[in-house]
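Residue numbers (full-length UniProt numbering): 1 to 177.
Have a look at the structure below before the remarks.
Here it is in structure tokens:
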């Protein structure tokens with residue numbers, strides 16, 4: 001996949017940022033227009049900051065390749081502010097270890113994950129918004145260690161793998177009749 005598109009919007013200016021529904025709606029619109037079907041609204045001002053804070057807006061057709069944060073080891077936290085996701089952790093060989101529905105306002109609405117486990121998510125509803133925080137500084141070159149058994153983003157197999165993950169989630173968490 002080429003990187004000729006924006007992965008992130010411009011961070012709001014100022015030392016105090018009051019988040020608004022209109023900012024989130026603009027980010028959702030940008031995510032729908034993105035080939036990746038997701039976009040980040042950074043809240044930190046520089047990639048060099050020690051704590052990276054952002055809103056991540058994800059559409060159901062977005063493929064988030066399973067990955068982990070090992071080099072350097074990083075923890076991360078997500079809280080679903082709008083919508084819902086299926087959050088997955090994986091065994092080293094690619095089998096799904098666990099999957100859980102995280103939903104804004106629901107019984108389960110976020111995760112705090114230490115470094116090491118392969119993980120990923122699938123948005124279950126349009127315009128899903130997550131608040132994400134993780135240790136910085138950010139470097140595209142070493143932010144993620146991608147799972148070797150998962151298709152690359154943009155590969156023809158990625159859509160099938162996304163459907164597989166969604167089906168695995170529904171198998172474990174059937175919809176009510």
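Where a beta carbon is used, it is the ideal one built from N, C-alpha and C, also for glycine.
| Asked | Found |
| --- | --- |
| Inter-residue spacing [alpha-carbon to alpha-carbon] between residue 72 and residue 99 | 25 Å |
| Residue 170 - containing beta strand (DSSP E), residue span | Residue 170 -> not in any beta strand (DSSP E); alpha helix (DSSP H) instead, spanning 156-172. |
| Touch test, the region 57-71 against the region 101-110, Cβ-Cβ under 8 Å, three pairs minimum | no |
| Other residues of its chain near residue 50: CB distance less than 8 Å, five sequence neighbours each side excluded | 135, 136, 137 |
| Supposed close pair residue 17, residue 43 - CB separation, criterion 8 Å | 6 Å |
| Within the UniProt domain "Cupin fold metalloprotein WbuC cupin" (20-101), ranges of the beta strand (DSSP E) (whole runs, at least 3 residues) | 38-42, 51-58, 76-82, 84-90 |
| Beta-carbon contacts of residue 119 that lie in its chain and below 8 Å, excluding the five residues immediately before and after | 66, 67, 68, 87, 88, 89, 90, 113 |
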